[in-house]
Ligand code: GRF
């Protein structure tokens with residue numbers, strides 16, 4: 006069994022989508038070990054509890070990144086986590102964190118990376134005037150939203166889109182894409198060559 010640790014900071018819709026996918030058998034071989042928030046008031050925490058998931062808060066405020074990460078790593082290890090899924094986790098990870106789970110940390114980002122990394126990806130896409138954007142699931146490395154790409158889904162930008170309408174359209178795809186990408190990684194039928202993540206033929 007792969008034990009997933011999901012890190013959230015906010016509303017937690019991707020966390021719930023992963024929980025649904027695991028519960029419905031769409032991520033064979035996976036179970037959710039723990040959901041950790043870096044804020045006590047993250048709305049996603051209550052949603053996770055309602056699903057009967059184990060939740061924890063590792064409060065970030067007032068703490069240096071390295072020290073905060075050290076506690077988060079310890080909690081993940083205590084819960085036997087072997088794959089970390091960032092789901093709207095709004096804190097950059099320290100090198101120590103990345104090394105503790107090398108190629109075992111996934112993130113979802115609401116753009117077609119490498120376009121529009123960082124904050125406000127939807128706003129960036131609209132302002133740039135692209136006709137297509139989307140979402141990306143990637144391995145997390147030391148770069149900002151720059152690790153090897155596991156899966157992407159394109160979404161059109163419509164002429165009258167606002168950040169709200171575009172985010173809502175992308176979010177539907179995020180929920181499907183994240184579950185599929187986690188299933189691929191848990192299944193292990195992939196290889197990473199340089200930046201390329203490719204399905205491995207059996
Ligand atoms: C999503 O758009 C995700 O791509 C980004 O942060 C947002 C989190 O939303 N990294 P939610 O908390 O999963 O609802």
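Numbering (the numbering used here), first residue to last: 6 to 207. Every residue gets a Cβ at the ideal spot worked out from N, C-alpha and C, and that includes glycine.
Check	Outcome
Report the three-state DSSP secondary structure of residue 171 (helix, strand or coil).	helix
Could you check whether residue 157 and residue 117 sit closer than 7 Å to each other, using their CB atoms as the reference points?	yes
Looking at the unbroken beta strand (DSSP E) that takes in residue 36, where does it start and where does it end?	35-42
Report yes if the CB atom of residue 153 is closer than 7 Å to the CB atom of residue 197, and no otherwise.	yes
Could you name the residues of the same chain whose beta carbon sits closer than 6 Å to that of residue 70, not counting the 5 residues immediately before and after it, in chain order?	99
Identify, in the order they occur along the chain, each residue of the same chain with its Cβ nearer than 8 Å to the Cβ of residue 95, setting aside the five sequence neighbours on each side.	14, 15 and 43
For chain B, check one thing: does any of its Cβ atoms lie closer than 7 Å to the Cβ of residue 169?	Given the protein chain composition of this structure (a single chain), no chain B is represented.
So what does DSSP say about residue 89, is it helix, strand or coil?	strand
May I ask whether a heavy atom of ligand 1 can be found less than 6 Å away from the beta carbon of residue 42?	no
If we count Cβ pairs, one from each stretch, closer than 8 Å, do we get three or more for the segment 16-32 versus the segment 63-82?	no
What does a CB cutoff of less than 8 Å around residue 131 pick up in its chain, not counting 5 residues either side in sequence?	162, 166, 167, 168 and 171
Assuming residue 55 and residue 115 make a contact with CB atoms under 8 Å, what is their CB distance in whole Å?	About 25 Å; that fails the 8 Å criterion.
Go ahead and pull the three-state DSSP assignment for residue 205.	coil
In this structure, does DSSP put residue 94 in helix, strand or coil?	coil
For residue 33, verify whether its CB is less than 6 Å away from any heavy atom of ligand 1.	no
Quick one: grab the DSSP three-state call for residue 158.	strand
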